[in-house]
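Single-structure report; data block below.
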Amino acid sequence: ASSFWTSSHSRLLFTAAEIHASNRHDANSATLNPVVSQPTLRRLRAFYASYLFELGRLCKVRARVVFTSIVYLRRFYLHRSFSTDDPRTIAPACLYLASKVEECPVQAKLVAYFAKKISQQTPSEVANWGRAWNGALGDATTNAGERSTAAAGDIDGVVTAAAATAAAASSHANGTAADDDAQASKPPAPPTAAAAAASQDAACQVLLQPPGVNELLRAEMVVLKQLDAYLIVHHPLRALPSYLQALGIPPEGEGALRVYGVLSDSYRCDVCLMEPPHVLALGAAFLACASACSTSSSTAMRGSPSDAAASEVLREAMPRFEQLEGISVDDFAPFARHMLDYYEGDAAALRTSVCRDALANALGALVPPPTTAL
């Protein structure tokens, strides 16, 4: 287990087709009305990855514990269905199990307590999930400014598009939170259908029904059985500082924070189940450098001095990727494309009402409309 290549993790990497074929019961079952689409399923998985970031922050565990819990959750739903296993119980159980595996145990009653605390958060607070972990990514991409265009099949085009869509996702998430706050500050609207819908959306803050301690412990056994006790998960966190040093990026600087931001985002999408740890680490560094290279010098100078310095460090590191022994830039192309898809379609915060309705459909909780008598 000390080496990734001899561990069970190396045998538990999946292709995009295998991941797409998962949750087929949720996506294709005729009993669901309406059908939960594949994009919604992807966003549900991203939603609960962000949920685990928030739960881990409240439980004060290391990022490694959160990353492991996200991998557990994604592996679990490769073979299980949202319609039979409620993620509002499974996700906290994954964090509880990961805390013990990573030797950073948290009491079950604390996990249940913080899960209940999360269930009382407002929609604007939900929109901010995970920013304490990857806020540097938003700072790095918000002022991306002018960018050149390139062919979609070219790696430079993928990199440029990834930087642009990361900025768009960041600004969209910021706008979502601002819209929620602005809506809360407005005076009461007349009792129209639109106002009723907005009120219903705001009432969705009690979205995640938290499990009790006994439910949490039972769910842990369900997760453990489904994972077949293959619990060793390797992450690039320990090796990333050496990669940064080889690229000339100070491990404690602002540029490194941007790299860690991209890395944390990779656990919000399916790429964390598809690529080995070293590709996640170097791919995150590559995208962070590409984002800095796609930002014009004049735009970078308009930011804070630390942002400008970080962008300069990352731009200088970009040519060093070609000098890494045994590493080709083409190795990062699949990672870049998957991150591009995430930033373009799934990175925007999933509104609580959408998540609630999707889960209700998957769990069969929606009551069918009454039959009208003829």
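Each residue of the sequence shown is one higher than the one before, starting from 1 at the first, in full-length UniProt numbering. Think of the CB as a built atom: it goes at the ideal place given N, C-alpha and C, for glycine as much as any other residue. Predicted, not measured: the structure shown is a model, and the values here were computed from it.
_With 16 other Cβ atoms within 10 Å as the buried cut-off, status of R238_ = R238 is classed as exposed because its beta carbon has fewer than 16 other beta carbons within 10 Å across all chains shown.
_Reduced DSSP secondary structure (H/G/I, E/B, other) of L13_ = Note: L13 maps to coil in three-state DSSP.
*Contact check, A288 vs L247 under 8 Å by CB: the rounded distance?*
Taking 8 Å as the upper bound for CB-CB distance, A288 and L247 are not in contact here, some 10 Å apart.
*Counting pairs of Cβ atoms below 8 Å between the region 96–104 and the region 253–269, do you hit three or more?*
Segment contact: the region 96–104 against the region 253–269, fewer than three CB-CB distances shorter than 8 Å; contact not assigned.
*When S8, F82 and S119 are compared against L41, the one with the closest alpha-carbon*: Looking at the Cα atoms, F82 is the closest of the given residues.
*Exposed or buried, which one is D330 when buried takes at least 16 other CB atoms within 10 Å?*
Classification of D330: exposed, given that the 10 Å Cβ count is below 16.
*Does the beta carbon of F82 come closer than 8 Å to any beta carbon on chain B?*
Looking for chain B here will not work: only one protein chain is present.
*Please name the residue, chosen from S22, P277 and F4, that lies closest to F67 on a Cα-to-Cα basis.*
With distances taken between Cα atoms, F67 lies closest to P277.
*Determine the DSSP secondary structure at E252, reduced to helix, strand or coil.*
In this structure, E252 counts as coil in the three-state DSSP scheme.
*Nearest CA to the CA of T89: which residue from L244, H235, T15 and M221?*
Ranking the options by Cα distance to T89, first place goes to M221.
_Cβ shell of I232 (< 7 Å), same chain only, five flanking positions each side left out_ = Only A1, S7, S8 and H9 meet the Cβ criterion.
*6 Å CB neighbourhood of E102 in its chain, flanking five on each side removed*: So the qualifying residues of the chain are R64, V65 and T68.
_Quick check on Y343: buried or exposed, where buried means 16 or more other Cβ atoms within 10 Å of its Cβ?_
With a threshold of 16 other beta carbon atoms within 10 Å, Y343 meets it and is buried.
*Residue environment, N23, which counts as buried when at least 16 other CB atoms sit within 10 Å*: Looking at its Cβ environment, which holds 16 or more other Cβ atoms inside 10 Å, N23 is buried.
*Please classify P319: is it buried, with 16 or more other beta-carbons within 10 angstroms of its beta-carbon, or exposed?*
P319 comes out exposed.
*Where the alpha helix (DSSP H) through E220 begins and ends*: Here the alpha helix (DSSP H) through E220 covers V213 to Q226.
*From L324, A127 and H79, pick the residue whose C-alpha is nearest to that of residue 403; which is it?*
It is not possible to answer for residue 403, since the shown part of the chain is limited to 1 through 374.
*Length-filtered (3 minimum) beta strand (DSSP E) runs lying within the UniProt domain "Cyclin-like" (50–135)*: Whole beta strand (DSSP E) segments, 3+ residues: zero.
*With a Cβ-Cβ cutoff of 8 Å, do I249 and A308 count as a contact?*
No, Cβ-Cβ distance for I249 and A308 is not below 8 Å.
*Would you give the residue range spanned by the alpha helix (DSSP H) that H234 belongs to?*
Looking at the DSSP string, H234 is not in any alpha helix (DSSP H), and its letter there is neither H nor E.
_Where L273 sits in the DSSP three-state scheme_ = For L273, the secondary structure class from DSSP, reduced to helix, strand or coil, is helix.
*Consult DSSP for I19 and reduce its assignment to one of helix, strand or coil.*
Three-state result, I19: helix.
_For a test of the three-state rule: what should DSSP assign to P260, helix, strand or coil?_
It is worth fixing the name first, because residue 260 is Tyr in this sequence and not Pro. Y260: helix per DSSP, three-state reduction.
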